[in-house]
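These notes are about the structure you will find just below.
Protein chains: 2
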Amino acid sequence: MTELDRVIHEPARLRIVALLAGVEEADFLWLLRESALTKGNLSSHVARLEEAGYVAVEKSFRGKIPLTLLRLTDAGRSAFGGYKRAMKAVLGKG
Amino acid sequence: MTELDRVIHEPARLRIVALLAGVEEADFLWLLRESALTKGNLSSHVARLEEAGYVAVEKSFRGKIPLTLLRLTDAGRSAFGGYKRAMKAVLGKG
DNA sequence: TAGCGAGGTTTGTGATGCAAACCAGTCTAC
DNA sequence: GTAGACTGGTTTGCATCACAAACCTCGCTA
Numbered sequence: 000m001t002e003l004d005r006v007i008h009e010p011a012r013l014r015i016v017a018l019l020a021g022v023e024e025a026d027f028l029w030l031l032r033e034s035a036l037t038k039g040n041l042s043s044h045v046a047r048l049e050e051a052g053y054v055a056v057e058k059s060f061r062g063k064i065p066l067t068l069l070r071l072t073d074a075g076r077s078a079f080g081g082y083k084r085a086m087k088a089v090l091g092k093g
Numbered sequence: 000m001t002e003l004d005r006v007i008h009e010p011a012r013l014r015i016v017a018l019l020a021g022v023e024e025a026d027f028l029w030l031l032r033e034s035a036l037t038k039g040n041l042s043s044h045v046a047r048l049e050e051a052g053y054v055a056v057e058k059s060f061r062g063k064i065p066l067t068l069l070r071l072t073d074a075g076r077s078a079f080g081g082y083k084r085a086m087k088a089v090l091g092k093g
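Chains B and L are the protein sequences, given in the same order.
Numbering that gives the first Met the number 0 numbers the first residue of the first sequence as 0 and each following residue consecutively.
Numbering that gives the first Met the number 0 numbers the first residue of the second sequence as 0 and each following residue consecutively.
In structure tokens form, the structure reads like this:
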């Protein structure tokens, strides 16, 4: 039985991961717009993905304004790849 | 933004729905074996799917032994179709 | 009549997704 | 120099829910 990674499976995080998979790096506000999540949800989901080792979070400043950069780690890319495979296997059946 | 149906999205229920999509009708014990869920989980997830109108539950007897037959309703099939489309859209991006 | 298995359902609880409240720093108006 | 509003987030509180374990009912067996 192919297991689905719960961390990625959650729709909000799936969206985040899918968005990050398409780019090299993204900032918080770009993700906020693209994902259509609230700040709170985005923040906590990103925290969860970081905790899982799937995204790297880099906080810096653009001038005087805080800037948070996010990118998928290798583990994150690989987990997403596995997730896609597992999902296709399940959907293939139906 | 394509929304993912939460009722179907849950992995246990996704498995149930995918299994039911492949057959005309199934009994509880067949699903129990195929899904590798516990009786309790299968029972409650089936109840949730019934409540959502996605599966029809028909209780009868095979001789003196209770027999529960499950099948996907039209709404269930259509929801599963929509789910697959939405999921492919998300995975396509990544 | 005690025990056992089939076929399920109900209960308890820990995790968690979401929204709203909060916070620290910056900029503008006055 | 300070009141207010905005930016860029984080923390808190609640309500939901998935899972496992306990429970239930009926029939069979010895």
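Just so you know, even glycine gets a beta-carbon here, dropped at the ideal spot from N, CA and C.
Reduced DSSP category for residue i - H, G, I as helix; E, B as strand; rest coil
i	result
K87 of chain B	helix
D73 of chain L	helix
E49 of chain L	helix
L36 of chain L	coil
V56 of chain L	strand
L68 of chain L	strand
Cβ-based burial, residue i [other Cβ within 10 Å; buried from 16]
i	result
S77 of chain B	exposed
S59 of chain L	exposed
A35 of chain B	exposed
L48 of chain B	buried
K46 of chain L	The residue you asked about is not Lys; residue 46 of chain L is Ala in the sequence shown. By the 10 Å Cβ count, A46 of chain L comes out exposed.
V22 of chain L	exposed
L28 of chain L	exposed
L66 of chain B	exposed
Cβ pair residue i, residue j closer than 7 Å
i	j	result
L3 of chain B	A85 of chain B	yes
A51 of chain L	R70 of chain L	no
E57 of chain L	L41 of chain L	no
L13 of chain B	K83 of chain L	no
T1 of chain B	A88 of chain B	yes
F79 of chain L	V16 of chain L	yes
**Request:** Anything in the region 30-60 of chain L with a Cβ closer than 7 Å to a Cβ of chain B? List those residues in chain order, please.
**Result:** A35
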